[in-house]
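Report on the following structure.
2 protein chains.
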Amino acid sequence: MITPTSPLQIPEPALLEQYGKQARLCATSNDQLSLVFSQIHPFDLVELEQLLEAVGWSRRPVRRVRKALTHSLLKVGLWRHDPRVPRLVGFARCTGDGVFEATVWDVAVHPRYQGNGLGQQMMTYVLEALKEMGTERVSLFADPGVVDFYQRQGWELEPEGHRCAFWYSS
Amino acid sequence: MITPTSPLQIPEPALLEQYGKQARLCATSNDQLSLVFSQIHPFDLVELEQLLEAVGWSRRPVRRVRKALTHSLLKVGLWRHDPRVPRLVGFARCTGDGVFEATVWDVAVHPRYQGNGLGQQMMTYVLEALKEMGTERVSLFADPGVVDFYQRQGWELEPEGHRCAFWYSS
């Protein structure tokens, strides 16, 4: 059970046209700022990697990032709206089978925009999108620093004694 | 680092034709038995669900299983060879992006065939196939009963303090 949050608002028609009919507004305390979640607005892969680098992850080859996005079940961008050049300020993606399992990766909100509930709204958006697809269960691997963040939102930590395990190809 | 195991043997040409050129033999102490890993031999979805039920999981609607398999990155069947009607005795599948991340689900060996190292050979086969695809990291959620099984094979438990978290749509 996810902790109830106010539902994300549907943006005006011009924004739906730019960001797709599944676009939703991300609430912010700054009235000058229009932030929009989109599943279809294309990513500039260099801008995406800069965002992920800004939250502390290492840069990855653009060619491999492109392939990974192509094979992802869901890609969500959080855009600082501009009619011509929106800026990417948040991101999340999921792999999965579209039915039983989805796994969330690469959740990021740019440091300049953190601390305003954007990350929580991002997860609300992601879970709604996966639910709409008919996904039964969503999983993720939380870093120590964000375990509380996910627990507060209703994620179950290691349910039924599950433990996560990793294997590295190199 | 995976614990070294003897490499899986390539089967004779007739079996490669039946099970695909990535087919490998699964070693067994029973000389009468020919067990083959395949990525291409088609599944009878009722037989697959019977196998998963035999290891204790609940039955799932065939239509949804079909969709989940279609969207999986890798499906591996372990077949008890028969030129006409091979029987499915083991299974594993992965979701993932084909580059950075793959996650293993539904690992099963039929109870009648357990305790002979088949599960370990299955994981060797799965990891080799993912490595060949260029996948960097493989993850799974281990039930309490199989944590040791994976650790013995070199899987890292909760590396860097990762914790697994789940969210259920219903």
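Each protein sequence line maps, in turn, to chains A and B. Note that my numbering has the first sequence beginning at 1, numbered continuously upward. Note that my numbering has the second sequence beginning at 1001, numbered continuously upward. All C-beta atoms in this analysis are idealised placements derived from N, C-alpha and C, irrespective of residue type, glycine included. Since this is a predicted model, take the numbers as computed values, not measurements.
Cβ of Gln151 (chain A) within 9 angstroms of any chain B Cβ = yes
Determine, using beta carbons only, whether Val126 (chain A) and Leu74 (chain A) come nearer to each other than 9 angstroms.
-> yes
Through-space distance from Pro1007 (chain B) to Ala165 (chain A), alpha-carbon basis | 23 angstroms
Pull up the DSSP beta-bridge partners for Phe37 (chain A), would you.
-> A:Arg24 and A:Leu78
With 9 angstroms set as the bound, which would you pick, yes or no: does the beta-carbon of Leu180 (chain A) sit closer than that to a beta-carbon of chain B?
-> A question about residue 180 (chain A) goes unanswered here, because the residues of chain A that appear run from 1 up to 170.
With 9 angstroms set as the bound, which would you pick, yes or no: does the beta-carbon of Gly77 (chain A) sit closer than that to a beta-carbon of chain B?
-> no
If you measure from the beta carbon of Ser170 (chain A) to each beta carbon in chain B, is any gap under 9 angstroms?
-> yes
Does the Cβ of Trp1155 (chain B) have 16 or more other Cβ atoms within 10 Å, making it buried, or fewer, making it exposed?
-> buried
For a contact meaning CB atoms closer than 9 angstroms, what does Trp977 (chain B) contact in chain A?
-> For residue 977 (chain B) there is no data in the structure shown, the boundaries of chain B being 1001 and 1170.
Closest to Ala142 (chain A) by CA distance: which of A:Asp97, A:His71, A:Thr103 and A:Pro42 is it?
-> A:Thr103
From the DSSP output, in three-state form, read off Pro13 (chain A) for me.
-> helix
Pick helix, strand or coil for Phe1149 (chain B), following the three-state DSSP scheme.
-> helix
Taking only the alpha-carbon atoms, compute the straight-line gap between Phe37 (chain A) and Glu1017 (chain B) and give it to the nearest angstrom.
-> 48 angstroms
Does the beta-carbon distance from Leu157 (chain A) to Val109 (chain A) come in below 9 angstroms?
-> no
Does the count of Cβ pairs from the region 87–99 of chain A and the region 36–53 of chain A closer than 8 angstroms reach three?
-> yes
Helix, strand or coil: how does DSSP classify Thr1124 (chain B) here?
-> helix
Got a sec: which bits of the region 1060–1071 of chain B sit with their beta carbon under 7 angstroms from any beta carbon on chain A, in order along the chain?
-> Arg1064, Lys1067, Ala1068 and His1071
DSSP three-state call for Val109 (chain A): helix, strand or coil?
-> strand
Quick one: which chain B residues come within Cβ less than 8 angstroms of Glu136 (chain A)?
-> Tyr1168, Ser1169 and Ser1170
Could you have a look at Leu70 (chain A) and say whether DSSP puts it in helix, strand or coil?
-> Looking at the sequence provided, one finds Thr at residue 70 (chain A) rather than Leu. Thr70 (chain A) falls in the helix class under three-state DSSP.
Cβ distance (whole Å) where Val1147 (chain B) is taken to contact Arg163 (chain A) below 8 angstroms | 5 angstroms
Quick one, are the C-beta atoms of Glu1049 (chain B) and Arg1059 (chain B) less than 9 angstroms apart?
-> yes
Ignore the nearest five residues each way along the sequence and tell me which others in Phe100 (chain A)'s own chain have a CB closer than 7 angstroms to its CB.
-> Glu136 and Arg137
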